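Here the sequence shown is numbered in numbering that gives the first Met the number 0, starting from 0 and rising by one per residue.
Glycine included, every Cβ here is placed at the ideal spot set by N, Cα and C.
Because the structure is a prediction, the values reported are computed rather than measured.
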Amino acid sequence: MFDAGPLKGETRRCSEAEQCLGWQIAPSVRHIARRFSRGAYLYHSGDAAEFLYVIRKGAVKSYLVSVDGHEQIVGFHGVGDVVGFDCIGSREFDGNAVAIADTEVDRLPVDAIHRHIAESDFFRQEVLVGMRREIQRLHHLLQLERCTAQQRVSSFLLGQLLKQGMSGDAIARVELPMTRAEMGSFLDLATETVSRVFTHLQDRGVIRVVAGAAEVTALSALIQAAQTGTAETKAAFKRALARGPANRAGLASRPPSERAAELLTTMRYVPAYS
């Protein structure tokens with residue numbers, strides 16, 4: 000439950016070829032690699048906003064606490080994602096971030112981020128891309144009230160599938176380190192409702208539920224369940240799948256900047272909560 004501290008060789012510089020800085024926003028920024036065990040906090044609400052965290056391995060959830068003590072999850076973050084992005088321009092974190100699996104991160108000093116924003120046009124553009132993604136994600140969250148439980152869960156699974164990479168296999172595996180209760184908090188659904196939707200999708204042969212994951216056995220049916228089956232959506236999924244045979248790691252193995260661009264294009268058509 001505790002921060003295990005810095006990894007060996009804790010301070011280093013990234014090269015252009017490395018993928019440890021999200022969408023490669025700062026290959027030249029010195030950073031510290033740290034490891035967090037499941038349940039350990041990256042930061043709490045009110046902590047000084049001194050660092051951004053780029054996930055190299057594992058998963059993190061971010062959440063707010065309401066006045067009545069209710070936890071509202073606002074995001075799940077996986078490999079390549081930047082956690083704490085909302086602290087840019089603020090002196091402290093508004094929310095909390097906790098590891099939901101054993102996690103390794105690169106910790107980037109916020110003051111260095113500010114300097115690079117001022118000095119580098121490329122870096123400034125990449126930060127704007129990141130902000131655009133965050134705005135789009137929040138926009139999708141606002142659409143939750145107009146979606147059924149099946150649409151919310153199905154869209155969530157599609158979003159996780161795209162983020163984690165589509166290998167082109169007939170059965171795609173979606174890692175789900177979060178609990179059903181955490182998923183329900185994020186999607187504004189009761190835990191029992193989330194479980195019922197999973198059971199319904201499995202009974203229909205759309206997914207197969209396994210420990211800590213879901214295997215998508217009928218992608219087209221999952222898209223239909225999310226009611227995102229526009230021509231653009233189907234074309235985007237076909238493009239992602241077509242890369243599979245030549246590149247078994249799919250989106251996940253591509254440079255983060257390319258993956259971000261592809262996801263931005265695709266997410267315009269898929270309300271994929273992430």
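Strand pairing of residue i, partner residues [DSSP]
| i | result |
| --- | --- |
| R172 | E214 |
| D105 | A32 and V53 |
| L41 | Answer is none; L41 lacks a bridge partner. |
| I72 | Y62 |
| A47 | E91 |
| V81 | V53 |
Range of the contiguous alpha helix (DSSP H) that encloses residue i
| i | result |
| --- | --- |
| G158 | A148 to Q163 |
| R179 | R179 to L186 |
| F197 | T190 to D202 |
N- and C-terminal bounds of the beta strand (DSSP E) containing residue i
| i | result |
| --- | --- |
| A96 | N95 to A98 |
| V208 | I206 to V209 |
Whole-angstrom C-beta distance between residue j and residue i, which should lie under 8 Å
| i | j | result |
| --- | --- | --- |
| A98 | S36 | 7 Å |
| I54 | H76 | 6 Å |
| F84 | G45 | At roughly 18 Å, the Cβ-Cβ gap does not stay under 8 Å, so F84 and G45 are not in contact. |
| V94 | L140 | For clarity, residue 94 is Gly in the given sequence; the question names Val instead. G94 to L140, Cβ: 14 Å. No contact. |
| V300 | A212 | Since the first residue of the chain shown is 0 and the last is 273, residue 300 is not available in this structure. |
| Q226 | Q150 | 6 Å |
| I170 | V128 | With a Cβ gap of about 32 Å, I170 and V128 do not count as contacting. |
| I87 | I112 | 7 Å |
| T190 | A180 | 5 Å |
| L100 | P176 | Correcting the residue identity first, residue 100 is Ala in this sequence and not Leu. At roughly 4 Å, the Cβ-Cβ gap stays under 8 Å, so A100 and P176 are in contact. |
Touch test, the segment 45-57 against the segment 106-114, Cβ-Cβ under 8 Å, three pairs minimum: Yes, the segment 45-57 is in contact with the segment 106-114.
Stretch pair the segment 211-230 + the segment 154-161: three plus CB contacts closer than 8 Å: The segment 154-161 and the segment 211-230 touch, with three or more beta-carbon pairs separated by less than 8 Å.
The segment 57-65 contacting the segment 76-94, beta-carbon criterion three pairs below 8 Å: Counting Cβ pairs under 8 Å, three or more are found: they touch.
At least 3 beta-carbon pairs within less than 8 Å: the segment 136-145 vs the segment 207-214: In this structure the segment 136-145 does not touch the segment 207-214; the number of beta carbon pairs closer than 8 Å is below three.
Cβ contact (3+ pairs, closer than 8 Å) linking the segment 145-153 and the segment 172-189: For the pair of segments examined, the segment 145-153 was found to touch the segment 172-189: the number of CB pairs separated by less than 8 Å reaches three.
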